[in-house]
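A.B. asks:
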Amino acid sequence: SRIFIGFATWTLVGEDFLGGRVQLEKQEGDEDAAMSLLEKGVFFAFVCSLLGCVQLSSVISLFLVGMFLLQRLTGIGVERFKDEDGFEPGSKSKPSVGYSLVQGRRPYMEDMHFTSLNFGTSGKSCFFGVFDGHSGKRASQFARDQLAKYLEVDLQQLGPREALQSAFMKTDASFLQRAEKENLNDGSTAATALLVGRELYVANAGDSRAILCCGQSAIPMSVDHKPDRPSERERIEQAGGTVVYFGCARVNGILATSRGIGDRELNNRVIAEP
Numbered sequence: 001s002r003i004f005i006g007f008a009t010w011t012l013v014g015e016d017f018l019g020g021r022v023q024l025e026k027q028e029g030d031e032d033a034a035m036s037l038l039e040k041g042v043f044f045a046f047v048c049s050l051l052g053c054v055q056l057s058s059v060i061s062l063f064l065v066g067m068f069l070l071q072r073l074t075g076i077g078v079e080r081f082k083d084e085d086g087f088e089p090g091s092k093s094k095p096s097v098g099y100s101l102v103q104g105r106r107p108y109m110e111d112m113h114f115t116s117l118n119f120g121t122s123g124k125s126c127f128f129g130v131f132d133g134h135s136g137k138r139a140s141q142f143a144r145d146q147l148a149k150y151l152e153v154d155l156q157q158l159g160p161r162e163a164l165q166s167a168f169m170k171t172d173a174s175f176l177q178r179a180e181k182e183n184l185n186d187g188s189t190a191a192t193a194l195l196v197g198r199e200l201y202v203a204n205a206g207d208s209r210a211i212l213c214c215g216q217s218a219i220p221m222s223v224d225h226k227p228d229r230p231s232e233r234e235r236i237e238q239a240g241g242t243v244v245y246f247g248c249a250r251v252n253g254i255l256a257t258s259r260g261i262g263d264r265e266l267n268n269r270v271i272a273e274p
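Numbering-wise, the sequence shown is residues 1 to 274 according to my numbering.
#1: State the Cα-Cα distance for the pair residue 84 and residue 138, rounded to the nearest angstrom.
#2: From this set, 169, 144 and 133, which residue's C-alpha is nearest residue 273's C-alpha?
#3: Thinking residue 97 and residue 115 are a contact (beta carbons under 8 angstroms), I'd like their distance in whole angstroms, please.
#4: Look at residue 187 and residue 258 and say whether their C-beta atoms are less than 8 angstroms apart.
#5: Assuming residue 191 contacts residue 200 under a Cβ cut-off of 8 angstroms, what Cβ separation, rounded to an integer in Å, is found between them?
#6: For residue 276 and residue 162, I'd like the C-alpha separation in whole angstroms.
#7: Exposed or buried, residue 104, counting other C-beta atoms within 10 Å across all chains shown (16 or more means buried)?
#8: Can you tell me which of the three DSSP states residue 236 falls into?
#9: From 122, 223, 236 and 245, pick the residue whose C-alpha is nearest to that of residue 210; which is it?
#10: Quick one: what's got a C-beta closer than 7 angstroms to residue 180's C-beta in the same chain, skipping five residues either side?
#11: Can you give me the Cβ contacts of residue 108 inside the same chain, cut-off strictly under 8 angstroms, excluding the 5 residues immediately before and after it?
#12: Going by beta-carbon coordinates alone, are residue 111 and residue 127 separated by less than 8 angstroms?
#13: Measure the C-alpha to C-alpha separation of residue 197 and residue 254 and round it to an integer number of angstroms.
#14: In terms of alpha-carbon separation, which member of 256, 175 and 231 lies closest to residue 208?
#15: Bridge partners of residue 267, per DSSP?
#16: Just the Cα atoms here: how many angstroms apart are residue 155 and residue 167?
#17: Under a Cβ-count criterion, where at least 16 other Cβ atoms within 10 Å of its own Cβ denotes burial, should residue 7 be classed as buried or exposed?
#18: Note down the Cα distance separating residue 260 from residue 142, rounded to an integer number of angstroms.
#19: Would you call the CB atoms of residue 146 and residue 171 closer than 8 angstroms?
#20: May I ask you to report which of helix, strand or coil DSSP gives residue 153?
Right, here's the structure in full:
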């Protein structure tokens with residue numbers, strides 16, 4: 001019975017007891033937070049003493065006295081651990097994110113990525129992007145830096161689908177203006193995912209893929225934009241381009257993807273519409 005009571009008490013107050021930390025800056029409202037933690041700690045120590053755990057009760061009591069004196073003398077408060085995005089460890093509101101980059105044989109990295117776990121004006125959405133650059137890294141860098149900014153603004157006026165499409169087109173138009181001035185031929189694919197609550201919106205331009213893994217199933221969330229797709233070939237030819245096989249199908253014999261950001265030389269044949 002002692003073990004059960006002790007476990008129940010720990011469940012009620014122990015998480016908050018160990019979940020707190022001493023914050024090395026005085027902040028408004030810290031005193032109340034500190035006292036709340038101390039009160040729970042005192043209660044836990046009292047229960048330990050009733051259960052016969054004298055040594056544990058003594059250690060906790062000494063710790064609490066030290067914290068109380070520290071708080072009173074310095075004004076330092078107590079706050080629960082939070083990460084850089086403001087989420088508590090283990091919070092179900094925050095997804096886990098991982099990424100891996102491989103430069104390959106090129107002397108510089110052309111591929112970029114973007115992650116934000118507190119995206120949008122409300123900070124409650126998540127946005128992720130992968131940008132596979134070619135003919136240089138400036139288009140992928142530009143897409144990484146600008147697409148999310150356009151999307152954040154567009155989401156204030158449009159729904160997620162329309163905002164994503166608008167952000168892609170604005171990013172492409174802005175980079176093409178720069179490319180024209182600086183004589184750049186860089187290009188980049190773009191595969192993005194916007195998580196709003198429990199709804200996931202995926203938009204891509206090019207052949208970078210988005211895949212949803214659910215249990216033992218892999219569900220494609222995007223379609224590769226390849227020049228030899230019948231619909232893409234027709235669009236390219238109507239725009240005055242050709243599809244030439246040179247190892248694989250290529251737009252005008254050059255590019256192996258039919259959509260993306262940039263590619264000034266292939267403008268109107270390679271488009272950014274997701």
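Where is the CB? At the ideal position from N, CA and C, for every residue including glycine. These figures come from a predicted structure and were not determined experimentally.
C.D. replies: Well, looking at it:
#1: The predicted model places residue 84 with a pLDDT of 45, which falls under 50 and marks its position as unreliable; any figure quoted below should be read in that light. Whole-angstrom Cα-Cα distance: 29 angstroms.
#2: 169
#3: 5 angstroms
#4: no
#5: With 8 angstroms as the limit, residue 191 and residue 200 do not qualify as a contact, their Cβ atoms being about 13 angstroms apart.
#6: For the chain, the structure presents residues 1 to 274; residue 276 sits outside this window and is missing.
#7: With fewer than 16 other CB atoms across the displayed protein chains lying within 10 angstroms of its CB, residue 104 is exposed.
#8: When secondary structure is reduced to three states using DSSP, residue 236 falls in the helix class.
#9: 223
#10: Excluding sequence positions up to five before and after residue 180, its CB lies within less than 7 angstroms of the CB of 264, all in the same chain and listed in chain order.
#11: 137
#12: no
#13: 41 angstroms
#14: Of 256, 175 and 231, the residue nearest in Cα terms is 256.
#15: According to DSSP, residue 267 bridges with 270.
#16: 9 angstroms
#17: In this predicted model, residue 7 has a pLDDT of only 37, less than 50, meaning its place in the structure is not dependable enough to derive any value.
#18: 12 angstroms
#19: yes
#20: helix
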